[in-house]
Amino acid sequence: MRTAHNTGRVSKLTTIKGKQANALYWSPAGRFIVLAGLKGFNGQLEFYNVDELETMATAEHFMATDIEWDPTGRYVATSVTSVHEMENGFNIWSFNGKWLYRILKDHFFQFSWRPRPPSLLSPEKEEEISKNLKKYSKRKSGIGGWINEWKRLQEETLERQKLRDGEEEEYEAKEVEVEELLDVSGEVMSFDWEPEQYL
């Protein structure tokens, strides 16, 4: 675990016993490590959080020959190269051991992440941004707050419409068709029918 007191020094944190591992792969940020049993150990993987001293996940990539962290430390690639004739290809995992993606490819020789380009900011500017990150995130969350409020109001409006069961609000404009009867008068007609007269 890194603290202000032990920066740059090596110190023993713990001993992990009973693990089948013949290779260790550190995340670029240094917080996570993959304990790997490659080649003869059939690709046993353990994703370990060094700061918390706990296993996040265990997995297996059968016949894995290589492991490579991406430059950000968010993803891990395990691969089986053409040293073996079967299972050639690679898997992509999240930093905490969640399997994300698999590609099988005959005659697969090497997996390599695209390198990150150098920063366009000077080290001083990067340090300034790191120090003021909370200020920037508050500004961003202010905008996010307005967006969240708008979404909440939209959801409330939809809920009100569902509760009304299709009835309009008293202030809602609506179009109504009306038929109006202008004049009704009654006239009594006599009807004298004598069947003999038509015979």
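In the numbering used here, the protein residues as written are 7 to 205. Note that CB positions come from ideal geometry on N, CA and C, so glycine has one too. Computed from a prediction, not measured in an experiment: that's the story for all the values here.
Grab the span of the beta strand (DSSP E) containing residue i for me, first residue to last.
| i | result |
| --- | --- |
| residue 42 | 38–43 |
| residue 51 | 50–55 |
| residue 65 | 60–66 |
| residue 19 | Note, residue 19: premise wrong, no beta strand (DSSP E); not H, not E. |
| residue 29 | 29–32 |
Under three-state DSSP, which class holds residue i?
| i | result |
| --- | --- |
| residue 164 | helix |
| residue 138 | coil |
| residue 181 | coil |
| residue 24 | coil |
| residue 186 | coil |
Could you pull out every residue in the same chain whose Cβ sits closer than 6 angstroms to the Cβ of residue i, ignoring the five residues on either side in sequence?
| i | result |
| --- | --- |
| residue 183 | none |
| residue 110 | 95 |
| residue 29 | 42 and 44 |
| residue 20 | 59 |
| residue 65 | 51 and 103 |
Enumerate in chain order the residues of its own chain whose CB-to-CB distance from residue i is below 7 angstroms, with the five nearest sequence positions on each side excluded.
| i | result |
| --- | --- |
| residue 106 | 98, 99 and 100 |
| residue 68 | 48, 49 and 93 |
| residue 31 | 39, 40, 42, 73 and 75 |
Check your understanding: Is the region 78–98 touching the region 23–42 in the sense that three or more CB pairs, one from each, lie closer than 8 angstroms?
Key -> yes
**Study point:** Every unbroken beta strand (DSSP E) inside the region 70–132 [3 residues or more]
**Key:** 72–75, 81–86, 95–100 and 105–110
Practice item. State whether the region 43–60 contacts the region 22–32, with contact taken as three or more CB pairs (one from each stretch) at a distance under 8 angstroms. Key: yes
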